[in-house]
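Chemist:
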Amino acid sequence: MAATISRGSAGCDALAVHFLGYLSPRQLRFSPDSKLLASASQDKTVRLWNRNGKILRTLTGHQDEVMSVDFSPDGQILASASWDGTVRMWGVQGNLVSILKEHKDGIWSVAFSPDGQRLASAGQDKTLRLWNRLS
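Put into structure tokens, the structure is as follows:
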């Protein structure tokens, strides 16, 4: 993957990351401190990038497309939602913290509450689930 910096149309610097050999990202989310960028991808992975467009970690384990990602407000946990029907919770160092499996079909979206104590997920099974954050 190549990263280039070019002048954007609004006159600001723009970082262009060309996803060579990487299937389309479905969603992007910055960490609360803006030092990391997470991507949810069609290739069943979550990737963590630095601000220069370098991949720091590739998180694997989902069995189908990853549709959504979100950082906890403290920036220590990353949640990913997949079409495999699971929500995975990752430490930002790449360690798997937990797998949530209550949905009966693919999951479209995942989001932390502003206080970081709850996680919401919305699925193809027509349910919205609220989870208490694991300590």
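The opening position of the sequence shown corresponds to residue 1 in full-length UniProt numbering, with each subsequent residue numbered one higher.
Cβ atoms here follow ideal geometry from the backbone N, Cα and C, with glycine treated the same way.
Small disclaimer: the values here were computed from a predicted structure and weren't measured.
By the three-class DSSP mapping on this structure, what secondary structure does L36 have?
Modeler: Coil, per DSSP.
Chemist: Suppose the cutoff is 7 Å on Cβ atoms and the five residues either side in sequence are ignored; what does the same chain contact list for D70 look like?
Modeler: Cβ neighbours of D70 beyond the five flanking positions: R29, A79, V110, A111, F112.
Chemist: Can you tell which of D125, M89, Q93 has the C-alpha that lies nearest to the C-alpha of W131?
Modeler: Among D125, M89, Q93, the Cα nearest to that of W131 is on M89.
Chemist: Answer yes or no: do W49 and A81 have a C-beta to C-beta separation smaller than 8 Å?
Modeler: Cβ atoms of W49 and A81: not closer than 8 Å.
Chemist: Express the C-alpha separation of Q27 and G123 in angstroms, rounding to a whole number.
Modeler: For G123 and Q27, the distance between alpha carbons rounds to 16 Å.
Chemist: According to the neighbour-count rule (16 or more other Cβ atoms, all chains shown, within 10 Å of its Cβ), is P25 buried or exposed?
Modeler: The residue is buried, with at least 16 neighbouring Cβ atoms inside 10 Å.
Chemist: Once the 5 residues before and after L96 are set aside, which same chain residues still bring their CB inside 7 Å of it?
Modeler: Counting only Cβ-Cβ distances below 7 Å, and skipping sequence neighbours, we find G61, R88, W90.
Chemist: DSSP puts L48 in a beta bridge; with which residues?
Modeler: Paired residues: A38, R57.
Chemist: Can you tell which of R133, G106, V46, L128 has its C-alpha closest to the C-alpha of S98?
Modeler: With distances taken between Cα atoms, S98 lies closest to R133.
Chemist: Using only the alpha-carbon positions, how far apart do P114 and G75 sit?
Modeler: Answer to the nearest angstrom: the Cα atoms are 12 Å apart.
Chemist: On the criterion of 16 or more Cβ atoms from any shown chain inside 10 Å, does T86 qualify as buried, or is it exposed?
Modeler: Under this definition T86 is a buried residue.
Chemist: Can you name, in chain order, every residue of its own chain whose Cβ lies under 8 Å from the Cβ of I55, other than the five neighbours on each side?
Modeler: M1, R47, L48, W49, listed in sequence order.
Chemist: On the three-state DSSP scale, how would you describe G85?
Modeler: Residue state, collapsed to three classes: coil.
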